[in-house]
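Following numbering that gives the first Met the number 0, the numbering of the sequence shown begins with 0 at its first residue and continues without gaps. Shown next, in structure tokens, is the structure this report addresses.
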Amino acid sequence: MKNKSLVSINDYSTEEIEEILRVAEIFEKNPNQRILENKVIASLFFEPSTRTRLSFESAINRLSGRIVGFSEVGSSSVSKGETLKDTIKTVANYSDLIIMRHPLEGSAKYASEVSDVPIINAGDGANQHPTQTLLDLYSIKKTQGTLENLNIFLVGDLKYGRTVHSLLMALAHYNPTFNFISHPKLRIPEEYKLFLDSNGIKYFEHETFTDIISQADIIYMTRVQKERFTDLMEYEKTKNTYVLKNKMLKNTKDNLKILHPLPRVNEIDTDVDSNEKAYYFEQAKNGVYTRQAIMALMLGLIPN
Ligand code: CP
């Protein structure tokens, strides 16, 4: 994993993914260490973020590293017309690794091809969000005790939701059953169904899930991604399709956990927050330990 960029979750083997999850457990027990003391990490966010940017910053601060970067394009020379290539080549001169979120699909791959230091994809358009996937896997393993043979419900914007795309590819290593629940206009793209078919993974598509909710081990809710729509009328038609409410969780499995990459708009009612099956805020916290593990392994550093 040393010096290896993380652009797509498929860049890492099952063994490498499990090594990250193992090291994340070490960081959860001891998150404050000085192992990044002489490292400078660049954080380039061309799109808004709360959790990804701040959990990376928290992870770096807790490991005594330093951060350079920007959280909006307007404060960088991109606003003067500088290309992504020139930006990355310049920032690579100032840092040991680069974390980048960008609205264009494929931008992280391109950055990794022109950079002299490893790139971590913090989300590229509707494509992938692999560090979110690693914290999702960590959260699933922590709450279920295993990643194997789980019944996973993916609900909401399965077309534009990049976290869903990365997560289903990673879970495909562990013989899941997927239930995809979406508005017809926001179905999981064909390419992901082909991927699941070629790997012999079972999946079912639905427009409602109240009648099958008792089968779920994990319900992964997602926000309808307004920023990816070219036609806002389409967004208006689809935005309120699914709202998970506490009363819907009555006849669900004891081990069920509700996950959401966040931010939420209204797809999980706040009355779910106090249910012990709600796990989305703990999930966001797991992002610190998982991102500590990703950076440490990428830089060839061993935690205590
Ligand atoms: N889950 C996630 O990517 O959240 P942010 O957009 O706040 O980083």
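Built from N, CA and C at the ideal position, the CB exists for glycine as well.
Report all residues from its chain with a CB closer than 6 Å to the CB of residue i; omit the five preceding and five following residues, and keep chain order.
| i | result |
| --- | --- |
| Leu43 | Gly68, Met99 |
| Ser63 | Arg33, Leu35, Glu36 |
| Tyr173 | Leu146, Glu147 |
| Asn126 | Glu104, Arg161 |
| Met300 | Note that residue 300 is Leu in the sequence shown, not Met. Answer for Leu300: Ile34, listed in chain order. |
| Ile200 | Ala171 |
Looking only at its chain, what residues have a beta carbon closer than 8 Å to the beta carbon of residue i, apart from the 5 residues adjacent to it on each side?
| i | result |
| --- | --- |
| Asn150 | Pro175, Thr176, Asn178, Gln214, Ala215, Asp216, Ile217 |
| Lys192 | Tyr202 |
| Ile212 | Phe152, Ile218, Met247, Leu248, Asn250, Thr251 |
| Ser48 | Ser70, Arg100, Ala121, Gly122 |
| Glu281 | Ser138 |
| Asn274 | Asn245, Leu248, Ile257 |
| Ile29 | Looking at the sequence shown, residue 29 is not Ile but Asn. Here the set comprises Pro302, Asn303. |
| Val154 | Ile180, Ser181, Phe208, Ile218, Tyr219, Met220, Thr221, Tyr241, Leu243, Glu266 |
I'd like the span of the beta strand (DSSP E) that includes residue i, first residue to last.
| i | result |
| --- | --- |
| Val154 | 150 to 154 |
| Ser74 | Per DSSP, Ser74 belongs to no beta strand (DSSP E) and is neither H nor E. |
| Gly122 | 118 to 123 |
| Met99 | 96 to 101 |
| Ile40 | 39 to 44 |
Short of 7 Å in beta carbon distance, which residues of its chain neighbour residue i, apart from the five on each side in sequence? Order them along the chain.
| i | result |
| --- | --- |
| Ser94 | Val39, Ile40, Ala41, Val67, Val116 |
| Pro102 | Phe45, Glu46, Gly124 |
| Thr240 | His182 |
| Glu50 | A small correction: the amino acid at residue 50 is Arg; Glu does not occupy that position in the sequence shown. Once the five neighbours on either side are set aside, the close Cβ partners of Arg50 are Leu261, Ala283, Gly286. |
| Ala292 | Ile19, Val22, Ala23, Phe26 |
| Ser70 | Phe44, Arg52 |
| Tyr279 | Ile257, Leu258, His259, Leu261 |
| Asn254 | Gln143, Asp216 |
| Asp270 | Lys244, Asn245 |
| Val6 | Ala107, Lys108, Ser111, Ile118, Asn120 |
Under DSSP, the alpha helix (DSSP H) around residue i begins and ends at which residues?
| i | result |
| --- | --- |
| Val22 | 13 to 28 |
| Phe55 | 50 to 61 |
| Asp85 | 83 to 91 |
| Asn285 | 279 to 297 |
| Lys256 | Here Lys256 belongs to no alpha helix (DSSP H); instead the beta strand (DSSP E) covers 256 to 258. |
| Asp135 | 129 to 143 |
| Ala107 | 106 to 113 |
Return yes when the C-beta of residue i is under 7 Å from any heavy atom of the ligand CP, and no when it is not.
| i | result |
| --- | --- |
| Leu261 | yes |
| Ser48 | yes |
| Thr51 | yes |
| Gln291 | no |
| His172 | no |
| Gly68 | no |
| His101 | no |
| Gln319 | Lying before the first or after the last residue shown, residue 319 is absent from the chain, which here runs from 0 to 303. |
| Gly105 | no |
| His164 | no |
Does any C-beta atom of chain B lie closer than 8 Å to the C-beta of residue i?
| i | result |
| --- | --- |
| Gly122 | Note that chain B does not occur in the displayed structure, where there is just one protein chain. |
Checklist entry - For the stretch 228 to 243 against the stretch 21 to 37, are there 3 or more C-beta pairs whose distance is under 8 Å? => result Pairwise C-beta distances place the stretch 228 to 243 out of contact with the stretch 21 to 37, as fewer than three of them are shorter than 8 Å.
Checklist entry - Does the stretch 152 to 169 come within contact of the stretch 213 to 226, defined as at least 3 CB pairs closer than 8 Å? => result A contact exists between the stretch 152 to 169 and the stretch 213 to 226.
Item to check | Segment contact flag, the stretch 49 to 64 with the stretch 118 to 137, C-beta cutoff 8 Å, min 3 pairs | outcome: The answer is yes - the stretch 118 to 137 touches the stretch 49 to 64, with three or more Cβ pairs under 8 Å.
Checklist entry - Which runs of the alpha helix (DSSP H) fall wholly inside the stretch 165 to 245 and span at least 4 residues, in chain order? => result If we require 4 residues or more, the alpha helix (DSSP H) runs fully inside the stretch 165 to 245 come out as 189 to 197, 231 to 237.
Checklist entry - Does the stretch 248 to 259 come within contact of the stretch 135 to 142, defined as at least 3 CB pairs closer than 8 Å? => result Yes: at least three Cβ pairs fall under 8 Å.
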